[in-house]
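Worksheet for the structure shown next.
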Amino acid sequence: MKRRQINLRHILMPFVVFVFALFVLMLAVYVYNSMPIFHREGLDIYLKNMWKAAEEPSKEHYGVLVAIWGSIYTSVIAILITLPLSLAYSVFVIDYAPKRVKEWLIILSDVMAGLPTIIYGIWGVFVLVPLLKKIVMQPLHNYLSFLPMCSYPPITGFSYLSAGVLLGIMVAPFASAIIREAYQMIPFTYREAIYSLGATRLEATKILLGYIKPAIYSGIILAFGRAIGETTAVSLVIGNTFNLSLALFAPGYTISSLIANQFGNAFIYEYMTSALFAAGLVLFAIGLVVNLAGIYLLRRWEANVRL
Amino acid sequence: MIELALETRDLKVYYGNNMVIKGVNLKVPKNVVFALMGPSGCGKSTMLRAFNRLLELNSEARVEGEVRILGRNIYAPNVDPIEVRREVGMVFQYPNPFPHLTIYDNVAIGLKLNGLVRSKEELDKRVEWALKKAALWDEVKDRLDDYPSNLSGGQRQRLVIARALAMKPKILLMDEPTANIDPVGTKKIEELLFELKKKYTIILVTHSPAQAARVSDYVAFLYLGELIELGPTRKVFENPEHELTEQYVTGVLG
Ligand SMILES: Nc1ncnc2c1ncn2[C@@H]1O[C@H](COP(=O)(O)OP(=O)(O)O)[C@@H](O)[C@H]1O
Ligand SMILES: [Mg+2]
Numbered sequence: 000m001k002r003r004q005i006n007l008r009h010i011l012m013p014f015v016v017f018v019f020a021l022f023v024l025m026l027a028v029y030v031y032n033s034m035p036i037f038h039r040e041g042l043d044i045y046l047k048n049m050w051k052a053a054e055e056p057s058k059e060h061y062g063v064l065v066a067i068w069g070s071i072y073t074s075v076i077a078i079l080i081t082l083p084l085s086l087a088y089s090v091f092v093i094d095y096a097p098k099r100v101k102e103w104l105i106i107l108s109d110v111m112a113g114l115p116t117i118i119y120g121i122w123g124v125f126v127l128v129p130l131l132k133k134i135v136m137q138p139l140h141n142y143l144s145f146l147p148m149c150s151y152p153p154i155t156g157f158s159y160l161s162a163g164v165l166l167g168i169m170v171a172p173f174a175s176a177i178i179r180e181a182y183q184m185i186p187f188t189y190r191e192a193i194y195s196l197g198a199t200r201l202e203a204t205k206i207l208l209g210y211i212k213p214a215i216y217s218g219i220i221l222a223f224g225r226a227i228g229e230t231t232a233v234s235l236v237i238g239n240t241f242n243l244s245l246a247l248f249a250p251g252y253t254i255s256s257l258i259a260n261q262f263g264n265a266f267i268y269e270y271m272t273s274a275l276f277a278a279g280l281v282l283f284a285i286g287l288v289v290n291l292a293g294i295y296l297l298r299r300w301e302a303n304v305r306l
Numbered sequence: 000m001i002e003l004a005l006e007t008r009d010l011k012v013y014y015g016n017n018m019v020i021k022g023v024n025l026k027v028p029k030n031v032v033f034a035l036m037g038p039s040g041c042g043k044s045t046m047l048r049a050f051n052r053l054l055e056l057n058s059e060a061r062v063e064g065e066v067r068i069l070g071r072n073i074y075a076p077n078v079d080p081i082e083v084r085r086e087v088g089m090v091f092q093y094p095n096p097f098p099h100l101t102i103y104d105n106v107a108i109g110l111k112l113n114g115l116v117r118s119k120e121e122l123d124k125r126v127e128w129a130l131k132k133a134a135l136w137d138e139v140k141d142r143l144d145d146y147p148s149n150l151s152g153g154q155r156q157r158l159v160i161a162r163a164l165a166m167k168p169k170i171l172l173m174d175e176p177t178a179n180i181d182p183v184g185t186k187k188i189e190e191l192l193f194e195l196k197k198k199y200t201i202i203l204v205t206h207s208p209a210q211a212a213r214v215s216d217y218v219a220f221l222y223l224g225e226l227i228e229l230g231p232t233r234k235v236f237e238n239p240e241h242e243l244t245e246q247y248v249t250g251v252l253g
């Protein structure tokens, strides 16, 4: 008897369709629920910094610019922190750490990647924020307060900077996992080649990191995605204030911390829930843009460089 | 007395506890092609990497004895391996130009790292000079800013030769440079060797006795980490002293 041929594709297809449909439906829910606030505020929902909740719907006004700004600002700070951290960690683990230490360091960074974010949040509140306030914000404010970035007096320490640094630490294990993997996979012959040309270890490392640029881009994109979506820890250290500012030491909001903070009582008001959905929609858009930018970068790389 | 480019004295190399070069003494005169031949696994690549201290990339590897380059023992305590590598160029078994650097930068990189040129013009000139020496200039002069991905295997290998030559090394080490290259590319590189030995000393590793016979002036036969025979190429091929050598060059062995 002939065994019936099962086409694997037919089995896999429904799962793919399911995932895709889920995404489309989720996006649709966000768009649908954002409609009331779009009708009321138009683009101002994204272009203004305003949060007027009122029992009388006609007095309600919302604009989530501060949260968009805060999400991007803190995530960029996070990337600036994460990049050197994860590069240094990867290079150290692969090139310098003795074999046994190396395994432990890899486990350590995997554990850090998996820690619940509330753990980072609490640590941020009790350790990181006071520390940053004392050794970074206060000195910088004292000496450089003429710079807009340092102009805000660090009273509480809860700020864009605190959120950015905490995020940078939180997402570093993710960036580092990708970068480390790629760095380890560099064919030995390129290491030999660069050292045979009389390179120092530092010079060799620089050239070899150039070789894994695509992985570094990917690591950054992944880290950025995680940073911009992170909620719990950020809500604890950002200060949750409608304060649109370049000042690093000023409190602010991010999209996810805004949603987390306001969602609980949003049902009381006519338009607030809708405003929060509209804010959430921005995260979809940013996610899309960042990933497209990543694909563009990788394409451009692949067009030139064939490894 | 002939001036020596390289000399080893009781050279031993270990990987962990495993001795793979077992006390080799050899002398390489200047301005010759010196072939190091032997069956696969006999220790040719290992020995070559002892000549520029590249073995130090492998924490398992340990070297004993001396390697003298132009009279100086490069394993003496006060010698900086980076300085050694600057003077001893290397070409590898698998053509390995850096894929993420342009053709130009691949040649320029050693010069830049070591600060061997003072100006952009000088760098341009030296890159052109090296590419000409490697007989690649005519093929790439219009696309110096391209990446090497479109070059053929033979062209890539000549690019690597140019990369090494650009630093004007005293000795050029080549580890089976034609092993992964088509016959046309191989012929070009072999022709190049005749040109290059006027100015450089070339130590060429090969597992092919035929290639050693074609291109070298002197030949050493290495077997299981020991130097079996060494001498002028014609003499070794026509009148080998050692039975193993005879078996190897006639193709009976490995
Ligand atoms: N990185 C290494 N670690 C341990 N042993 C090695 C290493 N590289 C080579 N060997 C061993 O050393 C011997 C010589 O190898 P190699 O120098 O590569 O020979 P050849 O180049 O003549 O083929 C072989 O037995 C090989 O297994
Ligand atoms: Mg070999």
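The listed protein sequences derive, respectively, from chains L and P.
At position 250 of the first sequence the residue is numbered 249 (numbering that gives the first Met the number 0), and the sequence of numbers has no breaks.
At position 226 of the second sequence the residue is numbered 225 (numbering that gives the first Met the number 0), and the sequence of numbers has no breaks.
All C-beta atoms, glycine included, are put in the ideal place defined by N, C-alpha and C.
Residue burial classification, Arg85 (chain P) (beta-carbon count within 10 angstroms, cutoff 16): buried
Look at the alpha carbon of Pro129 (chain L) and the alpha carbon of Ser175 (chain L), and state the distance between them as a whole number of angstroms. 27 angstroms
Close-in-space but distant-in-sequence residues of the same chain around Gln261 (chain L) (CB under 7 angstroms, 5 per side omitted): Met271 and Leu275
Could you check whether the Cβ of Glu175 (chain P) sits closer than 7 angstroms to any heavy atom belonging to ligand 2? yes
Give the DSSP-derived three-state secondary structure of Asn24 (chain P) in the structure shown. strand
Unbroken beta strand (DSSP E) run spanning Thr249 (chain P), endpoints: Note, Thr249 (chain P): premise wrong, no beta strand (DSSP E); not H, not E.
Mind checking Val90 (chain L): buried by the 16 CB within 10 Å criterion, or exposed? buried
Residue range of the beta strand (DSSP E) that Gly64 (chain P) falls in? Ala60 to Ile68
Helix, strand or coil for Asp9 (chain P), going by three-state DSSP, please let me know. strand
Rank L:Leu243, L:Ala96, L:Pro213 and L:Ser273 by C-alpha distance to the C-alpha of Ile71 (chain L) and give the top, closest one. L:Leu243
Taking C-beta to C-beta, are Phe157 (chain L) and Ile237 (chain L) nearer than 8 angstroms? yes
Neighbouring residues, chain L, relative to Met166 (chain P) (Cβ below 8 angstroms): Leu196 and Gly197
Who are the neighbours of Pro239 (chain P) on chain L, taking C-beta pairs under 7 angstroms? Those within 7 angstroms of Pro239 (chain P) in chain L number zero; the least Cβ separation is about 33 angstroms.
Status (buried if at least 16 other CB within 10 Å, exposed otherwise) for Phe266 (chain L): exposed
What do you reckon, are the CB atoms on Tyr252 (chain L) and Ala52 (chain L) nearer than 8 angstroms? no
Does the beta carbon of Ser44 (chain P) fall short of 7 angstroms from some heavy atom of ligand 1? yes
Considering only heavy atoms of ligand 1, does any lie closer than 7 angstroms to the CB of Glu191 (chain L)? no
Chain-ordered neighbours of Thr204 (chain L) on chain P, where CB pairs are closer than 7 angstroms: Chain P residues near Thr204 (chain L): none, gap ~12 angstroms exceeds 7 angstroms.
Does the beta carbon of Ala192 (chain L) come closer than 8 angstroms to any beta carbon on chain P? yes
Specify, as a first and last residue, the run of the alpha helix (DSSP H) that Val32 (chain P) falls within. Run containing Val32 (chain P): none in the alpha helix (DSSP H); it sits in the beta strand (DSSP E), Val32 to Met36.
Tell me which residues of the stretch 84-97 of chain P have at least one Cβ-Cβ distance to chain L shorter than 7 angstroms, keeping chain order. Arg84, Arg85, Met89, Phe91, Tyr93, Asn95 and Phe97
Output the distance between the C-alpha atoms of Trp300 (chain L) and Tyr182 (chain L), rounded to the nearest integer angstrom. 17 angstroms
Is Trp103 (chain L) buried or exposed, if buried means 16 or more other CB atoms sit within 10 Å of its CB? exposed
By how many angstroms is the C-alpha of Ala20 (chain L) removed from the C-alpha of Ala27 (chain L)? 10 angstroms
Check each candidate in P:Ala163, P:Leu221 and P:Asn113 and name the one with the smallest Cα separation from Thr200 (chain P). P:Ala163
Where Met166 (chain P) falls: helix, strand or coil (DSSP): coil
Using the Cβ count rule (16 or more neighbours within 10 Å means buried), how would you classify Tyr142 (chain L)? exposed
If you measure from the beta carbon of Ile160 (chain P) to each beta carbon in chain L, is any gap under 8 angstroms? no
Just reading off the alpha helix (DSSP H) that Leu297 (chain L) is part of, what are its end residues? Met271 to Asn303
Have a look at Glu121 (chain P) and Val218 (chain P) and give me their C-alpha separation to the nearest angstrom. 37 angstroms
Identify the contact partners of Lys212 (chain L) in chain P, using a Cβ-Cβ distance below 7 angstroms as the criterion. His99
Which residues DSSP lists as bridging Tyr222 (chain P), in chain order: P:Glu225
Exposed or buried, which one is His140 (chain L) when buried takes at least 16 other CB atoms within 10 Å? buried
Rounded C-beta distance between Gly123 (chain L) and Leu165 (chain L)? I'm assuming under 8 angstroms. 4 angstroms
Per-residue DSSP class, three states only, for Asn17 (chain P): strand
Other residues of its chain near Pro56 (chain L): CB distance less than 8 angstroms, five sequence neighbours each side excluded: Tyr268, Glu269 and Tyr270
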